Amino acid sequence: WQPVLFILAGLLIFYPPLFNGLFFNPQMFISHIITSIIFSLVLFYRIRHKDYVLLRSPLDWAILAYAGAYLLSLVGAVQQGEAIYGFLKALNYFMVYWVVTRVARSYRLVRELLKFLVAGGLVVAVIGILAAVGYSDYPGAYENGVIMSTLQYSNTMAAYLAVMILIGVTLVQQEKTIWLKVVYSLANYLMAVAVLGALSKGAWIILIGGALLLLIGLPGMYRLKSLYHLGLVIGIAGVVYSRFAAAIVAADANQALIYVSLGFLLAVIGVIVWEVLEKLWKSQRLAPVIITVTVAALAVAGILALGNQVVQSDDVTREISGLLDLESSSYTARAEFMRCAVEIVKDHPIIGAGAGGWEALYRQYQNYSYWTTETHSHFLQVWVETGTVGLLAFLAMWLILLFYIFRIYKAKRKEEDQSHWILSWGIASGALALGAHAAIDFDLSIPAMCMVLWSLLALGNSLYNESSPAPAASSRQKPAYAWVQMGVAGLLVVLLLVSGSKYLYALNQANLAEKDMLELSQENNVRQQVELLNQASVKYNKAAKSDPCNGQYLTSLSTVNTNFFAFLHQQGLPEADQIRSQVVKDIDRAGELRPYDINSLTILINNAARLGHTEGLISLGQKSIK
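Numbering (the working numbering), first residue to last: 758 to 1383.
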């Protein structure tokens, strides 16, 4: 069972970035089902081995508290349906974290799971590069000269790949087999090309800041080794990118791939060169000086090569100039978003406005007209959605991670083998770099990025548990308390599994109903029109019953049944009054569920007017004005 569970845990953290980052509901609902099943399998395995502890470490408690804050926010949520979705996402993240920390219980297993993360980054980079040259038709992977790959947002894709490069360089330190070192270097090189192709200022901040953080914490020779491998892949990507981009503009896909392949060759040569240098280091007295000078020269050459290519690329030059322009629209807009977020928090300070609260409320606080669905700072987003309770839980996660790293450093710094510390610090550097960027962008509003971050936290937790001199808490607790924990775990599984299944069913029914309405618009036969209206009504009704807090389903149902009412009323049929009565209830309920959704309110106002529902018109009109 253990190898099977390990592979399932690896796949659980590998696939999320590949499906639009799970940003859209269909993929997220499927993810709920997958996560709950894998969680239940790992839970059953732990119970078989008499491990009844659901929460063992402070980080376990903090991450469950984060999900609990989203549950608590339902009390004051301004859009109930979105708030429920937000809670289920947070619960999903907790389960991913729990699975990873329970499966990767040793240094070796942590290192192996990191390979799944890097593999995911490699696939994302390859899809983006292939989309740029026209060999992949993944929707939105390459647009207007910018690589966005499967995440469909260039900043987040680049930030994700920058973190994966840091993890990849960390894994190179741990590897003894030269062909695997070559594989890691090739993966890092491809990810670096995709990062450059994203034209993202934030990604460069992460890569540079994360690299400095990584280098500062590594001991002696490992620092030099990391500097070499970072300089190698970034330098080669810099040499290749401008020619690659020019070939794409010229619509010469073969030429673009030739340049990428040339980078492969340079990366392989670079790994071999390092292997020779490292052997010299170990065998000769003068070698350290020679190697230090060589690495420094290569690093400078890589920076100059990258700089040369940057100068040749107008897009990249524009991005870098924007990075230093504090009055650019990117900075001023974020400052305004953050001001709005703080104002919302003042009105919802304790438990927040629930997930979806920012999008619902920000128009009431903005100083000028703009449109955005995200706060562009996850710390503020959490504060808006879950109040001070959720923000404290989120901050606790970071503080506990820093505490863990400090304790690992104290426990491992005197050991001759520094592998444990290097892996811990690499994970921490990646997590901290991603967290820093999430403070100024909405990376963590994309569920896959939360799963990546929560996975890194879980792996850091596992390394801490292994290195901690204090014995781990006993899993053989008193039966009553143990079964309470297992009962809670079982309840969480059922909640996520049933919710994911019901919501996915509702979404499928709503999609089928939309097809019926599209067919209706093209149908001239009256009898067939009535049949299509009836079919759409039945399907939207099923959707609304399976997901009763989704106001959009009720809004669509009210539109279908308003049309149905109009037809029956024209025919003078008595069923019209019965349908009108039900539609009035649906309109009022939909208005309560989405009181800040101007699009839904506009539709509902139109339906209320057609029905002559005067009270509803007044109520919906007041909501629209607000």
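All residues carry an ideal CB built from backbone N, CA and C; glycine is no exception.
Note that the structure is predicted; figures quoted are calculated from it, not measured.
Query	Result
Under the three-state DSSP convention, the category V835 falls into	coil
Runs of alpha helix (DSSP H) wholly within the stretch 1282-1335 (minimum 4 residues, chain order)	1283-1303 and 1308-1327
Three-state secondary structure (DSSP) of E932	coil
R803: first and last residue of the uninterrupted alpha helix (DSSP H) it sits in	N782 to R805
Alpha carbon of L1213 to alpha carbon of G1192, nearest angstrom	11 Å
Those runs of the alpha helix (DSSP H) which lie wholly inside the stretch 945-976 and span at least 4 residues	958-974
Local Cβ density within 10 Å of G1386, reported as buried at 16 or more and exposed below that	The chain is shown only over 758 to 1383; residue 1386 falls outside these bounds and no answer can be derived.
Beta-carbon proximity list for W818, same chain, < 6 Å, skipping 5 on both sides	L812
Three-state secondary structure (DSSP) of I904	strand
Strand pairing of Y899, partner residues [DSSP]	I904
K1115 classed as buried or exposed, judged by whether at least 16 other C-beta atoms fall within 10 angstroms	Reading off the sequence shown, one finds Trp at residue 1115, where the question assumed Lys. With 16 or more other Cβ atoms within 10 Å, it is buried.
V810 - DSSP class collapsed to helix/strand/coil	coil
Cβ-based burial, Y892 [other Cβ within 10 Å; buried from 16]	exposed
Cβ pair count under 8 Å reaching 3, the stretch 1100-1110 against the stretch 1131-1146	yes
Beta-carbon proximity check, F776 vs Q784, cutoff 8 Å	yes
Cβ pair L943, A968 closer than 8 Å	no
Rounded separation between G974 and L1152 - CA only	22 Å
Per-residue burial, K1342 [other beta carbons within 10 Å of its own, 16 or more giving buried]	exposed
Touching by the beta-carbon criterion (3+ pairs, under 8 Å), the stretch 859-879 and the stretch 916-931	yes
Which of helix, strand or coil DSSP assigns to H1105	coil
Inter-residue CB distance, F1321 and I1336 (contact presumed, cutoff 8 Å)	6 Å
8 Å CB neighbourhood of F1199 in its chain, flanking five on each side removed	T913, E1131, T1132, H1133, S1134, H1135 and Q1138
Under the three-state DSSP convention, the category E1131 falls into	coil
Own chain, CB closer than 6 Å to A1267, minus 5 neighbours either side, in chain order	A1300 and Y1310
Of the residues A1366, R868 and Y979, the one placed nearest W1031, counting alpha carbons only	Y979
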